[in-house]
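Numbering (UniProt numbering), first residue to last: 1 to 765.
Backbone N, C-alpha and C fix where the C-beta goes; we use that ideal spot for every residue, glycine too.
Step one of this worksheet: look at the structure below.
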Amino acid sequence: MASFTAVDLSKLQAPDLIEALDFETIFAQTLAQFRKLMPEFSALTEADPVYKLLQLFAARELLIRQRANDKAQKTMLAVANGTNLDHLGAPFGAARLMLNPGQPESGASPTFESDVDFRRRIQLAPEGFSVAGPEGAYIYHALSAAADVMDASATIQPGRRGTESKERRKIGRVDDGAFSAMRRRSWTLKLCMAGLLRAAAMQPLAQTSALARNTLAPRLPIWQCVNDSTIPHRSAKPMQWISLALRIPRRRMLQSIVAAALIANALAASAAEVKVSGTLRVDQPGAQVSRQLFGQFAEHLGTGIYGGVWVGEDSPIPNTRGYRDDVVAALKAIAVPNIRWPGGCFADEYHWRDGVGAPAKRPISINTHWGGVEESNRFGTHEFMDFTELLGTQAYIAGNVGNAAPDEIAQWAEYMTAPTRSSLAQKRRANGRDAPWQVPYFGVGNELWGCGGNMRVEYAADVYRRYQTFVKAPANQKILKIAPGPNNDDYHWTEVMMREAGTLMDGLSLHYYTVPGGWPPRASSTNFDEAAWIDTLSRTLVMDELITKHSAIMDRYDPNKKVALVVDEWGTWYAGLPDANPGFLHQQNSLRDALVASLNIDIFSAHAERVRMANIAQMVNVLQAMILTDGDKMVLTPTYHVFALYKPYQDATYLPLHLQTPEYRHGDAHVPAVHGSAVKAKDGHVYVALTNLDANSAANVSVQVEGLSPSSVEGQILTAPAITAHNTFAQPHAVEPKAFKGARVQGKALSVALPAHSIVMLKLE
1 MASFTAVDLS
11 KLQAPDLIEA
21 LDFETIFAQT
31 LAQFRKLMPE
41 FSALTEADPV
51 YKLLQLFAAR
61 ELLIRQRAND
71 KAQKTMLAVA
81 NGTNLDHLGA
91 PFGAARLMLN
101 PGQPESGASP
111 TFESDVDFRR
121 RIQLAPEGFS
131 VAGPEGAYIY
141 HALSAAADVM
151 DASATIQPGR
161 RGTESKERRK
171 IGRVDDGAFS
181 AMRRRSWTLK
191 LCMAGLLRAA
201 AMQPLAQTSA
211 LARNTLAPRL
221 PIWQCVNDST
231 IPHRSAKPMQ
241 WISLALRIPR
251 RRMLQSIVAA
261 ALIANALAAS
271 AAEVKVSGTL
281 RVDQPGAQVS
291 RQLFGQFAEH
301 LGTGIYGGVW
311 VGEDSPIPNT
321 RGYRDDVVAA
331 LKAIAVPNIR
341 WPGGCFADEY
351 HWRDGVGAPA
361 KRPISINTHW
371 GGVEESNRFG
381 THEFMDFTEL
391 LGTQAYIAGN
401 VGNAAPDEIA
411 QWAEYMTAPT
421 RSSLAQKRRA
431 NGRDAPWQVP
441 YFGVGNELWG
451 CGGNMRVEYA
461 ADVYRRYQTF
471 VKAPANQKIL
481 KIAPGPNNDD
491 YHWTEVMMRE
501 AGTLMDGLSL
511 HYYTVPGGWP
521 PRASSTNFDE
531 AAWIDTLSRT
541 LVMDELITKH
551 SAIMDRYDPN
561 KKVALVVDEW
571 GTWYAGLPDA
581 NPGFLHQQNS
591 LRDALVASLN
601 IDIFSAHAER
611 VRMANIAQMV
621 NVLQAMILTD
631 GDKMVLTPTY
641 HVFALYKPYQ
651 DATYLPLHLQ
661 TPEYRHGDAH
671 VPAVHGSAVK
681 AKDGHVYVAL
691 TNLDANSAAN
701 VSVQVEGLSP
711 SSVEGQILTA
721 PAITAHNTFA
731 QPHAVEPKAF
741 KGARVQGKAL
751 SVALPAHSIV
761 MLKLE
């Protein structure tokens, strides 16, 4: 019987017409040619403007060649996409399948087959012309029969021995007698379907259930229906997965396949399960995962401070010296290492003297950035520093560079830290604090590219150099200075700041928010679909690229990694709740946010050599909050529970965890199905975090543990029935960790049955 095996396109070598590109090589060629043509420039140095122009020309040449490469590649099946792929399919009569007709009259466009699936069918299309019955023909016609066919595979099954006469008459004489004892053969075709065509067939199936022959498909001679969770997704519809084993006569191949598709589409079966493998290298420890990565951010914004942290000593809400007891207890439980205060953009207009002295005499100002509300200044320096001591955490002060003079932040640092009898130290004592505070972190400016002054980076670098000069610590303590870094992917900002001021900083900040749908924030925090789910996770994973590229720039100026990359604003940003002041940035927090948190923590941990501090935005009632409050009520969010799960990561040692995972896809979006990380904690135990990004499918994860033979495993899981699940004051426990029993160890093998849309933290003994 004819057979055909499609080439694995991913393993093809790059064709000759695709040129390997390297900027340094192109620049060297450009420079050599220029010096040859212009000998008077043979002594050209990097400081010469002409040198910079040549670099620019080389960069443009690189882009031009890259565009040519891209265009050439898109004519090849392995990488073609969109309409280019449509043209490649046309000669074989292969067209994209429509998955959903949409509602054009309502503005909803049709949804078509993905590039990945269409590319596979184009590969199989030539086999579809065969009448000799190769397996590829069965698969091609099955995949092309209907959009609801998820996937198909075919395997040959031997039949009974038959006579040679008819076959020999058709084929002709065969001298060696190869056909003298031919076998009659049939094919077993496995189909995976989505959706239901016949409600009458919606019935539970046993693990293996034989259905009466010819009940639904009288044309099919023999068939059996069994659950099958081994075939991957084709689309992200709600899945009804089934494996249908068929013995099909070749003469009725196409009719039988279509009939089988209709039958399978009418049956309910188990959801797909993806297969993930990996290796954990306990014997190759990496950098320390600093506890400072789990920092918080408390800005004077909405009810983040007033009502969220501070209620005042006279409040009926249980408090200690004005601080909410419930919030304090919750934050202590997750061992908050540092808190950034008072902003954010609020810090760019904050004058510290307004927040010290007798509360009744403190001036009332307007919070121009956040809602235009009055700021009482009741929560000032003393209240914040006392709060950090109450929690047992460290202070990260954000100084005003936006509209304050250098001496203002210099005097603030002295007021807080001076042990002497200077006027500022005496003023601190008069206001109720004798001993100086410890201020380990001081941010010299915030978002100078935006609300901190809308500066060009060249100017901002000079401003930072000037202001940081006057932020001084007494002899008995050290203040680490954090410079205002880039927004998102502004790599030029990082380049200039490191070049001009890298030796004068201890950290460089990075701000990146996950904003589904893009800026400005418009998406709901709780009313979202699977497209918004995967969009959110995809945008979150951009953090890894940002850190990698900013770190590469920092490495050129700071190869010893003295300067930390400080991600002091990160998290989700949605449209505010409809009943809240838009300037308060008050949003709910769902299971989706929990996965955003776990992914970010994994990424920070993987870059622990450079990323040594981070602050989620924000701590209470604002953006991706740990805690939500309303009057005397408090609820812990799914994000809070992620920080609790990852608590063993604080000051742990990073361990390489390499996962080979399929992709989770929805529409054109795709992300790894499973993400993870691992550490060896201070208690000596190994912890493994696994996150299943797939909204629909469970994952079977198998990890080989090198350097350790665990004897037992225990774990916790954070998940919920729905991806939109969230905690409310009425239902505070909808999303919270539970004991996890889906992991086992045998020798060096760790096996985990990871449910869809879940986070699991495992402890290996």
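What whole-angstrom Cβ distance do residue i and residue j have, given they're in contact under 8 Å?
i           : j           : result
residue 477 : residue 438 : 6 Å
residue 671 : residue 541 : 6 Å
residue 393 : residue 338 : 6 Å
residue 484 : residue 452 : 6 Å
residue 588 : residue 525 : 4 Å
residue 376 : residue 364 : 6 Å
residue 496 : residue 445 : That belief does not hold up - the Cβ atoms of residue 496 and residue 445 are roughly 15 Å apart, past 8 Å.
residue 62  : residue 31  : 14 Å between Cβ atoms; not a contact.
Looking at the secondary structure, which residues open and close the alpha helix (DSSP H) in which residue i lies?
i           : result
residue 89  : 82–89
residue 557 : 530–557
residue 663 : From DSSP, residue 663 is part of no alpha helix (DSSP H) but of the beta strand (DSSP E) over 663–666.
residue 613 : Not the alpha helix (DSSP H): residue 613 falls in the beta strand (DSSP E), residues 611–616.
residue 417 : 406–417
residue 630 : No alpha helix (DSSP H) holds residue 630; the beta strand (DSSP E) holding it covers 627–630.
residue 69  : 49–73
residue 29  : 23–37
residue 118 : 115–128
residue 384 : 381–391
residue 491 : 491–501
residue 139 : 135–145
residue 472 : Taken as a continuous stretch (DSSP letters only), residue 472 belongs to no alpha helix (DSSP H), as it is neither H nor E.
Taking DSSP's pairing of strands, which residues face residue i in a bridge?
i           : result
residue 507 : 482, 564
residue 278 : 659, 703
residue 375 : 365
residue 675 : 691
residue 698 : 273
residue 634 : 629
residue 726 : 590
residue 759 : 691, 718
residue 569 : 511
residue 79  : Residue 79 pairs with nothing; no bridge assigned.
residue 751 : 702, 744
residue 818 : Outside the displayed range of the chain (1 to 765) lies residue 818, so it cannot be described from this structure.
residue 324 : 319
At which residues does the beta strand (DSSP E) containing residue i begin and terminate?
i           : result
residue 341 : 338–341
residue 746 : 743–746
residue 100 : 98–100
residue 334 : First-last for residue 334: undefined, no H or E at that position.
residue 399 : 394–399
residue 443 : 441–444
For residue i, which option in the options has the closest C-alpha, if you only look at C-alpha atoms?
i           : options            : result
residue 648 : 761, 656, 608, 662 : 761
residue 466 : 498, 116, 405, 507 : 405
residue 759 : 726, 304, 736, 691 : 691
residue 748 : 398, 566, 765      : 765
residue 659 : 96, 462, 705, 327  : 705
residue 557 : 433, 536, 516, 499 : 499
residue 561 : 402, 286, 610      : 610
residue 351 : 379, 682, 117, 336 : 379
residue 80  : 731, 33, 119       : 119
residue 565 : 574, 607, 573, 539 : 607
residue 304 : 138, 553, 340      : 340
residue 710 : 49, 497, 281       : 281
residue 327 : 628, 586, 7        : 628
residue 674 : 738, 752, 358, 715 : 752
residue 494 : 549, 144, 47, 7    : 549
residue 639 : 599, 656, 87       : 599
residue 287 : 736, 653, 745, 58  : 653
residue 693 : 718, 686, 714, 454 : 718
residue 682 : 663, 656, 521, 651 : 651
(message) Quick test of the definition: if touching needs 3 or more C-beta pairs under 8 Å, does the segment 583–598 touch the segment 419–434?
(response) no
(message) Check whether the segment 657–673 and the segment 621–633 touch, using three or more Cβ-Cβ pairs below 8 Å as the test.
(response) no
(message) Three Cβ pairs or more, each shorter than 8 Å: is that satisfied between the segment 500–511 and the segment 691–703?
(response) no
(message) So, does the segment 579–586 touch the segment 359–378, judging by three or more C-beta pairs under 8 Å?
(response) yes
(request) Evaluate contact between the segment 728–735 and the segment 633–650, counting only Cβ atoms and requiring at least three cross-stretch pairs below 8 Å. (result) yes
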